[in-house]
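Residue numbering for the sequence shown follows the UniProt record's numbering, beginning at 1 and increasing consecutively. All C-beta atoms, glycine included, are put in the ideal place defined by N, C-alpha and C. So the structure is just underneath, and the comments pick up after that.
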Amino acid sequence: MLTSLSYFAFLTLALSFTLAIFIGLNKIQILQLTIFYSPQKKEGGRGQKRERIFRGQRLLIRRTYQRLIFS
């Protein structure tokens, strides 16, 4: 039979586990977006500039989330 304290502890563990799963999935989805999404190239010089900016931002996001995941 569960006492009120053990019931509260069980609910706390279940909530912590659920949050950990959702946070982990969110990090994985963000990493997948940064790996697989690339901007569309347009004709002219703007496409190259956007590509360079996007690569820099993608690298920054990837490094940040890799530190969070592996820490």
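Under the three-state DSSP convention, the category residue i falls into
i: Thr-18; result: helix
i: Thr-3; result: coil
Whole-angstrom distance between residue j and residue i, CA atom to CA atom
i: Gln-48; j: Arg-55; result: 11 Å
i: residue 86; j: Ser-16; result: Within the shown structure, residues of the chain are numbered from 1 to 71, placing residue 86 beyond reach of any answer.
i: Glu-51; j: Tyr-65; result: 21 Å
i: Ile-69; j: Thr-12; result: 22 Å
i: Phe-8; j: Ala-14; result: 10 Å
i: Leu-59; j: Ile-53; result: 10 Å
i: Arg-67; j: Gly-24; result: 13 Å
i: Arg-63; j: Ala-20; result: 20 Å
i: Thr-3; j: Ile-61; result: 45 Å
i: Thr-18; j: Gln-57; result: 30 Å
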